[in-house]
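See structure below.
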Amino acid sequence: MERMLLVYTTFPDAPTALSVGEALVRARLAACVNVLPDMQSVYAWKGAVERSTEVVAILKSREGLAEALGAALKARHPYDTPIILYLPAAGADPDTAAWILAETTPET
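So for the sequence shown, the UniProt record's numbering puts the first residue at 1; every next one is plus one.
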């Protein structure tokens, strides 16, 4: 069975994350997108240390869609250089894996 994949990214606000997440779910590139609000970030950017409030989004998908999912995420993302981390899942409950596979398989 294909391995499950989590993709970690951040957005400037929840409405943007939810909008992008919905587009990715509707495109069947992700089965689900969890949006966690009000994260405080400190990061290095263009030679300066910055602070901002962001939201985290965790996308549930499968490894075979990593390239297409990453491209679609970048195309819709408001940041010049969005953080996109691919986190292959070491394992998954069989029912969870079946659901993710079913929701990320193109409809015929």
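For glycine and all other residues, C-beta sits at the position ideal for the given N, C-alpha and C. Just so we're clear, the structure is a prediction, and the values are computed from it rather than from any experiment.
Close CB contacts of A48 within its chain, under the 7 Å cut and outside five residues either way in sequence, are absent. When secondary structure is reduced to three states using DSSP, R62 falls in the strand class. Counting other Cβ atoms within 10 Å of its Cβ, T105 stays below 16 and is therefore classed as exposed. For L101, the enclosing alpha helix (DSSP H) covers residues P94 to E103. For P37, the CB contacts under 7 Å within the same chain, skipping 5 residues up- and downstream, are A14 and V55 in chain order.
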